[in-house]
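Working notes for the structure below.
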Amino acid sequence: MTAYTTQVSGPIEDVVRAFEEESKQSKLALVRKTDMQTKLLERGISLGHFYWILEFIEPDLSKNILLTDLLAGLYLPGRIAIYPHKESELITISLFLPTQSLSNEMNRVSYWLRQWEGKMIELVKRVQAR
Numbered sequence: 009m010t011a012y013t014t015q016v017s018g019p020i021e022d023v024v025r026a027f028e029e030e031s032k033q034s035k036l037a038l039v040r041k042t043d044m045q046t047k048l049l050e051r052g053i054s055l056g057h058f059y060w061i062l063e064f065i066e067p068d069l070s071k072n073i074l075l076t077d078l079l080a081g082l083y084l085p086g087r088i089a090i091y092p093h094k095e096s097e098l099i100t101i102s103l104f105l106p107t108q109s110l111s112n113e114m115n116r117v118s119y120w121l122r123q124w125e126g127k128m129i130e131l132v133k134r135v136q137a138r
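Here the sequence shown stands for residues 9 to 138, where the numbers follow this note's numbering.
Right, dumping it as structure tokens:
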């Protein structure tokens, strides 16, 4: 799996809040925020550390992606994972890059997905710059 990955410092709550705030400044809409540590704990499983998944859509790009190829909806919404860095106190942010895994049949949607990836990477960089 190919991902855009970077690290930031600060409390996890501040990083998640930064994504919420920065996404409002762009056309990206946060559609789901999942605290995996809590979800697993509710089912009796201890993860032992935080792990957040944030899901975003950009309405116009999402529409274009779906109009181009309905199967490409599998890449929506875009997901960002936030978890502890293994070797430091930093927080890791990873964004799946769907264009790196496209089959030849899906090439016609790659234009829209590249634009989508660019917007998501821009969001990550804005949070990282805080």
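Just so you know, even glycine gets a beta-carbon here, dropped at the ideal spot from N, CA and C. In this text the structure is predicted, and so the values were computed from the model without any measurement.
Checklist entry - If we ignore side chains and look at the alpha-carbon of each, how far apart do K127 and L36 end up? => result Working through the sequence shown from its first residue, we reach residue 127 at position 119. Working through the sequence shown from its first residue, we reach residue 36 at position 28. Each residue's Cα considered, the two are about 8 Å apart.
Next on the checklist: At the level of alpha carbons, what is the spacing between D22 and R138?
Outcome noted: Translated into positions along the sequence shown, residue 22 becomes position 14. Translated into positions along the sequence shown, residue 138 becomes position 130. Answer to the nearest angstrom: the Cα atoms are 10 Å apart.
Item to check | Within the stretch 87 to 131, ranges of the beta strand (DSSP E) (whole runs, at least 3 residues) | outcome: 99 to 104
Checklist entry - Over what stretch of residues does the beta strand (DSSP E) that includes D68 continue unbroken? => result As a first step, residue 68 is located in the sequence shown; it is residue number 60 there, counting from the start. Note, D68: premise wrong, no beta strand (DSSP E); alpha helix (DSSP H) at P67 to T76.
Next on the checklist: Under 7 Å, Cβ to Cβ, is there at least one residue of chain D near L62?
Outcome noted: Among the chains in the structure shown there is no chain D, since it carries only a single protein chain.
Checklist entry - Taking just the CA atoms, how far does L48 sit from S54? => result Taking the sequence shown and counting its residues from 1, one reaches residue 54 at position 46. Taking the sequence shown and counting its residues from 1, one reaches residue 48 at position 40. So the two alpha carbons sit approximately 6 Å from each other.
Checklist entry - How should Y119 be labelled, buried or exposed, when 16 other C-beta atoms within 10 angstroms of its C-beta is the threshold for buried? => result In the sequence shown, the residue the question calls residue 119 occupies position 111. Its Cβ having fewer than 16 others within 10 Å, Y119 is exposed.
Next on the checklist: Please classify S109 as buried or exposed, where buried requires at least 16 neighbouring CB atoms within 10 angstroms.
Outcome noted: Your numbering for residue 109 matches position 101 in the sequence shown. Exposed: under 16 other Cβ atoms inside 10 Å.
Item to check | Residue range of the alpha helix (DSSP H) that includes L48 | outcome: Counting from 1 along the sequence shown, the entry for residue 48 is found at position 40. Start and end: M44 to E50.
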